[in-house]
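Structure record follows, encoded as structure tokens.
Residue numbers (this note's numbering): 5 to 133.
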């Protein structure tokens, strides 16, 4: 098992509800990475997909509520990720190659997207207060 999905407080953006969901996304992604059987992999992957959509909905509602100026670009990033995830899920056969592609996509998103795009939301909110 790698530490790729180990939570680090550097990922906190300072918006409690979103931070809690980010922690949960890390946990679900780690469950997928650690899955040993096909059924465990499929179950974890479906949870990743379901929870990611739920999280994006909450995050987008929050951005609307605070009139975040980067809303449309951020929403597009979410849509792009869902499309990429859909494509990989549709082709998923639990082969090592497919698992590695999904793990790489998840790692990029749960780390890069949070540390960059989501921190911009927090910075915007901080400037308003």
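All C-beta atoms, glycine included, are put in the ideal place defined by N, C-alpha and C.
Quick one: residues in its chain with C-beta nearer than 6 angstroms to the C-beta of residue i, no 5 flanking neighbours on either side, listed in chain order?
i, result
"residue 111", "8"
"residue 82", "60"
"residue 79", "64"
"residue 77", "none"
Only counting the same chain, and skipping five residues up and downstream in sequence, which positions put a Cβ closer than 7 angstroms to that of residue i?
i, result
"residue 93", "49, 53"
"residue 124", "74"
List the whole-angstrom C-beta distance separating residue i from residue j, where the pair is believed to meet the contact cut-off of C-beta under 8 angstroms.
i, j, result
"residue 15", "residue 118", "5 angstroms"
"residue 122", "residue 46", "28 angstroms between Cβ atoms; not a contact."
Within the same chain, show all residues whose beta-carbon is closer than 8 angstroms to that of residue i, passing over the 5 residues directly before and after it, in chain order.
i, result
"residue 42", "98"
"residue 131", "none"
Output yes or no for whether 8 angstroms exceeds the beta carbon distance between residue i and residue j.
i, j, result
"residue 113", "residue 96", "no"
"residue 128", "residue 75", "no"
Do the segment 32-39 and the segment 62-73 make contact, defined as three or more Cβ pairs closer than 8 angstroms?
no
Taking the runs of the alpha helix (DSSP H) that are 4 residues or longer, which of them lie wholly in the segment 27-111? 42-69, 75-95, 100-111
Contact between the segment 98-107 and the segment 36-50: three or more CB pairs below 8 angstroms? yes
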